[in-house]
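Student:
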Amino acid sequence: MQKRSKFKIFLYVIFTVCFTNKMTAQILEFYKPIIISYKTGLLNSKKVDIGIFDYFKQDTSKMQYEYLKYNSDEESLSKYDNKSKSFQNIICFKSGDFKSQEKIKLGIFHEFNLAKEDDANFIASSPYGKYPSHIQVIKSIKVLQKTKKTLILKIDYQDEFEWKYFGILILTDYRYEKLESDE
40 MQKRSKFKIF
50 LYVIFTVCFT
60 NKMTAQILEF
70 YKPIIISYKT
80 GLLNSKKVDI
90 GIFDYFKQDT
100 SKMQYEYLKY
110 NSDEESLSKY
120 DNKSKSFQNI
130 ICFKSGDFKS
140 QEKIKLGIFH
150 EFNLAKEDDA
160 NFIASSPYGK
170 YPSHIQVIKS
180 IKVLQKTKKT
190 LILKIDYQDE
200 FEWKYFGILI
210 LTDYRYEKLE
220 SDE
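Heads up, the sequence shown is in the working numbering, so the first residue is 40 and it goes up one at a time.
1) In the structure shown, what three-state DSSP assignment does Y119 receive?
2) Which ranges would you report for the beta strand (DSSP E) in the stretch 143-203 if only whole runs of at least 3 residues count?
3) Would you check if the stretch 101-121 and the stretch 150-158 touch, i.e. whether three or more CB-CB distances between them fall below 8 angstroms?
4) Please identify the residue among T99, G90, K85 and E114 whose C-alpha is closest to the C-alpha of Q184.
5) Between L210 and D112, is the Cβ-Cβ spacing less than 7 angstroms?
6) Taking just the CA atoms, how far does D195 sit from K217?
7) Where DSSP assigns a beta bridge to L81, which residues make up the other side?
8) Nearest to P72 by alpha carbon, out of K187, T186, L190 and I174?
9) Assign I91 to one of two classes, buried (16 or more other C-beta atoms within 10 Å of its C-beta) or exposed (fewer than that).
10) K108 by DSSP, collapsed to three states: which one?
11) For F151 versus I177, is the C-beta distance shorter than 7 angstroms?
12) Between the alpha carbons of S172 and H149, how many angstroms are there, rounded?
13) Mind reading off the beta-carbon distance from M76 to L208? Whole number of angstroms is fine, and I expect it under 8 angstroms.
14) Alpha carbons only, please: which of K133, K85, K188 and I180 is nearest the one belonging to L145?
15) Output the boundary residues of the beta strand (DSSP E) element that contains Q127.
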């Protein structure tokens with residue numbers, strides 16, 4: 040018996056030494072969903088922000104993104120809808136004008152309804168009652184900064200394994216992008 044266990048230990052050491060450098064592993068950081076402001080883009084010859092709502096890929100052009108527009112005068116955030124070929128409001132920040140938005144879809148994340156908790160916090164929920172398991176969902180949106188020129192949002196979300204993350208979107212009202220101060 041002792042010879043057998045020594046042989047197993049010997050095989051384990053040989054296996055570890057010989058194959059350690061030959062094995063590869065997946066970096067799980069690449070497999071978690073991300074929400075970020077990606078870049079400025081042009082849509083219908085107007086400047087808009089592009090936000091990524093997808094898993095990381097080396098070729099960012101293959102990632103799912105949305106065209107987003109911040110309008111500080113109307114105090115709203117809109118997303119471009121490909122079907123209607125127009126911008127649809129996601130959030131209206133004016134306290135009296137807010138209406139719950141329904142069935143909002145952002146990239147890989149499942150549809151959600153958005154309800155206002157207070158002036159800076161919006162809670163997302165399933166439009167179908169309860170989300171099924173193993174899906175990516177937006178949980179909430181918090182306004183970190185809102186000025187004439189810039190809107191900064193923190194978006195809390197979870198992946199299909201219910202790991203919780205957050206992403207930051209920095210959006211610009213391009214009509215006021217040349218303002219010196221951001222007040």
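Think of the CB as a built atom: it goes at the ideal place given N, C-alpha and C, for glycine as much as any other residue.
For clarity, every value in this text was computed on a predicted model and none was experimentally measured.
Tutor: Looking at the atomic coordinates:
1) Reading the sequence shown from its first residue, position 80 is the one you call residue 119. Strand, per DSSP.
2) List check, beta strand (DSSP E) in window: 148-155, 160-164, 176-185 and 189-197.
3) Counting Cβ pairs under 8 angstroms, fewer than three are found: no touch.
4) Within the sequence shown, the letter at position 145 stands for residue 184. Considering only alpha carbons, the answer is E114.
5) Along the sequence shown, read from residue 1 onward, the residue named residue 210 stands at position 171. Along the sequence shown, read from residue 1 onward, the residue named residue 112 stands at position 73. No.
6) By one-based count along the sequence shown, residue 217 stands at place 178. By one-based count along the sequence shown, residue 195 stands at place 156. Taking the straight line joining both Cα atoms gives about 30 angstroms.
7) Position 42 of the sequence shown, counting from 1, holds the residue named residue 81. L81 pairs with K86.
8) If you number the sequence shown from 1, residue 72 lands on position 33. Nearest of K187, T186, L190 and I174 to P72, Cα basis: I174.
9) Residue mapping note: residue 91 aligns to position 52 of the sequence shown, counting from 1. That one is buried.
10) Here residue 108 refers to the residue found at position 69 of the sequence shown. The answer is strand: DSSP assigns K108 an E or B state.
11) Residue mapping note: residue 151 aligns to position 112 of the sequence shown, counting from 1. Residue mapping note: residue 177 aligns to position 138 of the sequence shown, counting from 1. Contact flag set, yes.
12) Along the sequence shown, read from residue 1 onward, the residue named residue 172 stands at position 133. Along the sequence shown, read from residue 1 onward, the residue named residue 149 stands at position 110. Each residue's Cα considered, the two are about 12 angstroms apart.
13) Here residue 76 refers to the residue found at position 37 when the sequence shown is read from its first residue. Here residue 208 refers to the residue found at position 169 when the sequence shown is read from its first residue. The sequence given here places Ser at residue 76; Met does not occur at that position. Their Cβ separation, rounded to whole angstroms, is 5 angstroms, which keeps S76 and L208 in contact under 8 angstroms.
14) Position 106 of the sequence shown holds residue 145. If we check each option's Cα against that of L145, I180 comes out closest.
15) If you number the sequence shown from 1, residue 127 lands on position 88. Counting along the chain, the unbroken beta strand (DSSP E) around Q127 starts and ends at S125 to C131.
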